[in-house]
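So the sequence shown is numbered by my numbering: it starts at 19 and just counts up by one. Notes follow the structure.
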Amino acid sequence: MNTNLLASKPRFEILDGLRGIAAILVVMFHLFETYSKGPCFQILNHGYLAVDFFFILSGFVIGYAYDDRWRKGMTQWNFYKRRLIRLQPMVIMGTLIGAIWFYFGDAPFFTYVMETPWWKLLIIVILGCLMFPTPPSMDIRGWSEVNSLNGVTWSLMWEDIGNILYATIIRRFSKVVLAVFVGLSAILTISLGLNIDWFGLLESRAYAAHTMIGGFGLTPDQLYIGLTRLLYPFFGGLLMYRLGISIKIKSYGFLWCSLALAAILVMPHLGGDTPNIINGSYCIIAILLLFPMIVAAGAGSPLEGKKTIKVCKFLGAISYPLYITHYPLVYMQMQWVAAHPNAPEGAHVWVFCSLLVASIAVAYACLKLYDEPVREWLKNHWLYKKKR
19 MNTNLLASKP RFEILDGLRG IAAILVVMFH LFETYSKGPC FQILNHGYLA VDFFFILSGF
79 VIGYAYDDRW RKGMTQWNFY KRRLIRLQPM VIMGTLIGAI WFYFGDAPFF TYVMETPWWK
139 LLIIVILGCL MFPTPPSMDI RGWSEVNSLN GVTWSLMWED IGNILYATII RRFSKVVLAV
199 FVGLSAILTI SLGLNIDWFG LLESRAYAAH TMIGGFGLTP DQLYIGLTRL LYPFFGGLLM
259 YRLGISIKIK SYGFLWCSLA LAAILVMPHL GGDTPNIING SYCIIAILLL FPMIVAAGAG
319 SPLEGKKTIK VCKFLGAISY PLYITHYPLV YMQMQWVAAH PNAPEGAHVW VFCSLLVASI
379 AVAYACLKLY DEPVREWLKN HWLYKKKR
C-alpha cells in the first residue's frame with residue numbers, strides 16, 4: 019500500500035459548517051413542505067436548491083481530496099472504496115430507519131403502503147441498502163422515488179454517478195476541456211430554469227416549472243432533471259478547485275457565508291403565485307453565480323475563534339447523517355398531519371419543533387454510535403488492510 023494515499027488533508031472547516039447549515043435548512047424545508055400547496059407556496063421556498071449547493075461542495079472537495087492522489091498511484095478501485103466507506107454506511111442506516119417506520123406511515127396520499135407485503139418491503143430494503151434505485155414498477159409508497167423508504171437517497175444516487183464520471187473520464191480533463199464541459203453544462207441549467215423543453219421531457223412538470231425541483235425518479239423527465247442538476251454544480255466545483263478560485267473575507271467569514279446561504283434558500287417564490295421566468299432566473303443565478311461565490315469565500319476565508327471552529331466541526335460532522343436520516347421522520351409528520359386535520363395550531367408547531375430536534379438527535383446518535391465506528395472499522399480492515 020502506498021502510504022502517501024493514507025494521509026488525510028486539512029479540512030475546509032467553513033465549508034463543513036456551511037454543509038451543516040444547508041442540511042438543517044433542508045430538514046426545515048421538508049417539514050414545512052407538508053403544509054405547502056405547491057412549489058410556489060413553499061415556506062423556506064428555495065430550500066430545494068441546497069442539493070445543488072451540496073453538489074458544488076462535493077465537486078470542490080473531490081478535487082481537493084483526490085486530484086493529487088491519482089498522480090501518486092491511486093487506482094479507481096481504491097477511489098471507489100473510499101467513497102463507499104464515506105457514503106454507504108449512512109445510506110444503509112437511512113434505509114433501515116425508513117423500513118422500521120414504513121407501516122406507521124400510512125396516509126391517503128401514500129397509495130401503496132398498506133398494499134405492500136412484507137416480502138416486497140424486504141426486497142426494497144435490500145435494494146435501498148445497496149443503493150440500487152427501484153423502478154416505478156417496484157414503488158411501494160406511490161411517489162415513484164428511487165428509494166421509497168428514504169426519498170432523499172436520490173441525490174446520493176446522482177452523487178455516485180458524479181463520482182464515477184470523475185474517476186473514469188473527467189479527472190483526465192485539462193482545465194480548458196473541463197471549463198468547456200462546465201460551460202455546456204451551464205446551458206442545461208439555464209434551460210431547466212427557463213423551462214426550455216428542448217428534448218420534450220418537461221411537459222409533465224408544469225407544477226414545478228421554473229424551479230430546479232426534480233431528479234428523484236427513474237422516469238425520463240426525472241433522469242434529465244437529475245443529470246442537469248448534477249453536471250454544472252459538481253464539475254463546476256471541481257473546476258473552481260483546479261483554478262484555485264477563492265475569496266477572502268477578513269472577518270466573520272463563516273457568519274457572512276452562512277447568512278448569504280440561508281438568505282438564498284429561504285427567499286420566497288419570485289414573480290407571483292404561478293411558475294414564471296423570474297423565479298427560474300433566480301434559481302439560475304443562485305446555481306451559476308451565488309453558490310460558487312459562497313464556496314469560494316468559504317474556502318478562502320480564515321476561521322476565527324475556538325467556538326466557531328467547534329460549531330463548524332459539529333455542523334460538518336452531522337450534516338450528512340442529518341440529511342440522509344431525516345426524511346423517514348418527515349413521512350411520519352405527513353401521516354400525522356393527514357390523520358389530525360383539525361389539530362390546533364400549537365400542536366402542529368410542537369410536532370414541527372419536536373421532529374426538527376429529533377432529526378438532529380437521531381443524526382448525532384447515528385454518527386457517534388454507528389457511522390464513525392463502522393467507517394473506522396472499514397478503513398482498517400478493508401481500505402488499509404496490508405497484504406500478509
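We put the CB at the ideal spot given by N, CA and C, even for glycine.
Between M108 and Y382, the C-beta gap is not smaller than 8 Å, which leaves the two residues out of contact. Residue environment analysis places F309 among the buried positions, since at least 16 neighbouring C-beta atoms fall within 10 angstroms of its C-beta. Here the segment 34 to 49 lies against the segment 266 to 281, with 3 or more beta-carbon pairs under 8 Å apart. In this structure, F272 and T326 form a Cβ contact; the two beta carbons are roughly 6 Å apart against a cut-off of 8 Å. Minimum Cα-Cα distance from S377 among the listed residues L49, T207 and V164 corresponds to L49. In the structure shown, the three-state DSSP call for P310 is helix. The three-state reading of DSSP puts T207 in helix, counting H, G and I together.
The DSSP-derived three-state label of N168 is coil.
Assignment of H358 by DSSP, reduced to helix, strand and coil, places it in the coil class. Contact between I182 and I302 is ruled out by a C-beta separation of about 27 Å, above the 8 Å threshold.
Closest in alpha carbon position to I263, among A185, L139 and Y82, is Y82. Counting every other CB atom within 10 Å of its CB across the protein chains shown gives W136 a total below 16, marking it as exposed.
By the Cβ neighbour-count rule, D124 is exposed, with fewer than 16 other Cβ atoms within 10 Å of its own.
Counting every other CB atom within 10 Å of its CB across the protein chains shown gives W172 a total of 16 or more, marking it as buried. Excluding its 5 nearest sequence neighbours in each direction, L236 has C-beta neighbours in its own chain below 7 Å: P151, P153, P154 and V164, listed in chain order. Taken through DSSP and simplified to helix, strand or coil, E322 comes out as coil.
For M350, the secondary structure class from DSSP, reduced to helix, strand or coil, is helix. DSSP places G235 in the coil class of the three-state scheme, outside both helix and strand. In this structure Q94 is exposed. Its beta-carbon is surrounded by fewer than 16 other beta-carbon atoms within 10 angstroms.
The alpha-carbon of T113 is positioned some 38 Å away from that of Y270. Proximity to C384 across Q240, K397, P28 and L340 peaks at L340, based on C-alpha coordinates. When secondary structure is reduced to three states using DSSP, I296 falls in the helix class.
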